[in-house]
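Notes follow once the structure below has been shown.
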Amino acid sequence: MLSLLSRVSNWYKTYYITGRPTPLITHIVISNICNFDCSFCFLEPEQKKFTLPFDKFSSLIKDLKSLGTYYLYISGGEPLLVKDFDKYLALAKKHIPYVHVVTNGSLLDRDSAEMLAKTGINEVSLSLDAMEQTHNKYRKNSNAFAGVLNAIEMLKRYAPGIKITCGTVIAPWNVSEQKELYDLCRSLKVEQRHQAIQEYPVVIQKQEGKSLITPEFVRDLQEFISSLPSANRDLYLRLQLEYFSHLLDNTDLKHPIFNSPCILPYFYVNILGSGEVGPCYGVKSKLYPGTGYIDPPREYNIFQTSLSEIFNSSDYRKMACDLKNCPECRQYFASCYIRPRLSFPLGAWVKARMGRLG
1045 MLSLLSRVSN WYKTYYITGR PTPLITHIVI SNICNFDCSF CFLEPEQKKF TLPFDKFSSL
1105 IKDLKSLGTY YLYISGGEPL LVKDFDKYLA LAKKHIPYVH VVTNGSLLDR DSAEMLAKTG
1165 INEVSLSLDA MEQTHNKYRK NSNAFAGVLN AIEMLKRYAP GIKITCGTVI APWNVSEQKE
1225 LYDLCRSLKV EQRHQAIQEY PVVIQKQEGK SLITPEFVRD LQEFISSLPS ANRDLYLRLQ
1285 LEYFSHLLDN TDLKHPIFNS PCILPYFYVN ILGSGEVGPC YGVKSKLYPG TGYIDPPREY
1345 NIFQTSLSEI FNSSDYRKMA CDLKNCPECR QYFASCYIRP RLSFPLGAWV KARMGRLG
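Take the position in the sequence shown, starting the count at 1, then add 1044; the result is the number in my numbering.
Written out as structure tokens, the structure reads:
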């Protein structure tokens, strides 16, 4: 805790005195290779496949340490497909205080659970969106649901020191099952984190150009949230109602999270296995095709220069400043930018504790 407070304090000094970004939170998309083909995935099938080489990962982690990263989460694709993944994780944990891996769970057997335990990482998130039939259908894998339940058992048995969470994408096709899924996660004694369906251009294309958001979906979402104990109706869930209502009828987004200047680029960075560096959806990216309102310089790539050089450049600082008024947040409601903005910086946490964000 003291380490986190120290890093937040240093981030504040850096941000307010110099205006220079610091990657307090880092997301590495280590590979876009996956054994699933989920219907709502933002990755396009024809994208060139990439995996971040270990030597480049090693230099990146050292840069992140020197830049003050406290929280690192690694996703894909499917990270457990990466060769020698244990080496990646052990190195990351050696230098970064909190390391979190996101996986679909299908490959998580006893051996991989023991491997994860040996690396010392802090958390594993498993993708679990609905009850068995629906989850398997939209993950396009007949063993997807059973794989998650098995992964939970393996982690509890062979990696008891690792925190287990289930990441749930709430969408029109599964919203009616959310209360049952919530009860299942409670019975399994695992934390559940909800995400909102995001209509990336590639997702709309898969739906033949039709939006997934309907009045019925918003109504069902409201019913689900109302069914939860008041202590579990977190702000992220409640903000989804405002967001989806806005998509339906263009109502104003009133909550400050949607309208106040965005400082996410000053404490968060997204890094692809292809080397691409960017802070959020407001930057044009191979990862989020069709989105973006700022086109970053091509040299924002760790295969061309170090992350430290990128962050210390005047161009990157200018981009972070320009993104303060980026409109892309009104089109996408991703947990990777909403939740950090609710939790960081420290001032947001203090306001939340005082009830000002509720």
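We put the CB at the ideal spot given by N, CA and C, even for glycine.
Pull up the CB-CB distance for residue i and residue j, whole angstroms please, since I reckon it's below 8 Å.
i               : j              : result
isoleucine 1354 : valine 1321    : 6 Å
leucine 1265    : glutamine 1242 : Contact doesn't hold; Cβ gap of about 15 Å is too wide.
proline 1205    : alanine 1161   : The sequence given here places glycine at residue 1205; proline does not occur at that position. Their Cβ separation, rounded to whole angstroms, is 6 Å, which keeps glycine 1205 and alanine 1161 in contact under 8 Å.
In angstroms with no decimal places, state the Cα-to-Cα distance between residue i and residue j.
i               : j                  : result
lysine 1093     : proline 1273       : 43 Å
arginine 1183   : serine 1150        : 11 Å
glycine 1120    : phenylalanine 1268 : 29 Å
leucine 1116    : proline 1309       : 15 Å
isoleucine 1105 : glutamate 1167     : 18 Å
serine 1358     : threonine 1070     : 20 Å
arginine 1400   : lysine 1100        : With a pLDDT of 38 at arginine 1400, under the threshold of 50, the modelled position of that residue is not reliable, and the figure given next carries that caveat. Between arginine 1400 and lysine 1100, the C-alpha separation is close to 43 Å.
proline 1371    : histidine 1299     : 15 Å
threonine 1147  : asparagine 1194    : 13 Å
histidine 1139  : serine 1075        : 21 Å
asparagine 1314 : isoleucine 1077    : 17 Å
valine 1219     : valine 1073        : 27 Å
asparagine 1054 : proline 1141       : 16 Å
asparagine 1187 : leucine 1281       : 28 Å
proline 1097    : leucine 1133       : 13 Å
Taking residue i as the reference, give the member of the options with the closest Cα.
i                  : options                            : result
cysteine 1210      : Asp1227, Ser1220, Trp1217, Tyr1202 : Asp1227
aspartate 1153     : Lys1181, Ile1307, Ile1196, Leu1351 : Ile1196
serine 1289        : Glu1343, Leu1256, Leu1316          : Leu1256
cysteine 1373      : Thr1349, Lys1362, Asn1218, Pro1323 : Pro1323
serine 1110        : Leu1068, Ala1157, Phe1080, Ala1174 : Leu1068
asparagine 1345    : Ala1364, Lys1330, Ser1318          : Ser1318
phenylalanine 1189 : Leu1124, Met1198, Leu1172, Glu1343 : Leu1172
lysine 1136        : Asp1366, Thr1163, Leu1279          : Checking the sequence, you will find alanine at residue 1136 rather than lysine. Closest option to alanine 1136, Cα to Cα, is Thr1163.
Let's test the definition: count the other Cβ atoms within 10 Å of the Cβ of residue i and tell me whether it reaches 16, buried, or not, exposed.
i                  : result
glycine 1063       : exposed
glutamine 1222     : buried
asparagine 1294    : exposed
glutamine 1239     : buried
phenylalanine 1347 : exposed
threonine 1258     : exposed
asparagine 1303    : exposed
alanine 1203       : buried
glutamate 1122     : buried
proline 1341       : exposed
aspartate 1107     : buried
At a cut-off of 7 Å, is residue i close to the ligand NAD when judged by its beta-carbon and the heavy atoms of the ligand?
i            : result
proline 1371 : The ligand NAD is absent from the structure shown, which contains no ligands of any kind.
Could you have a look at residue i and say whether DSSP puts it in helix, strand or coil?
i               : result
glutamate 1122  : coil
cysteine 1365   : helix
threonine 1062  : helix
asparagine 1314 : strand
alanine 1275    : helix
leucine 1193    : helix
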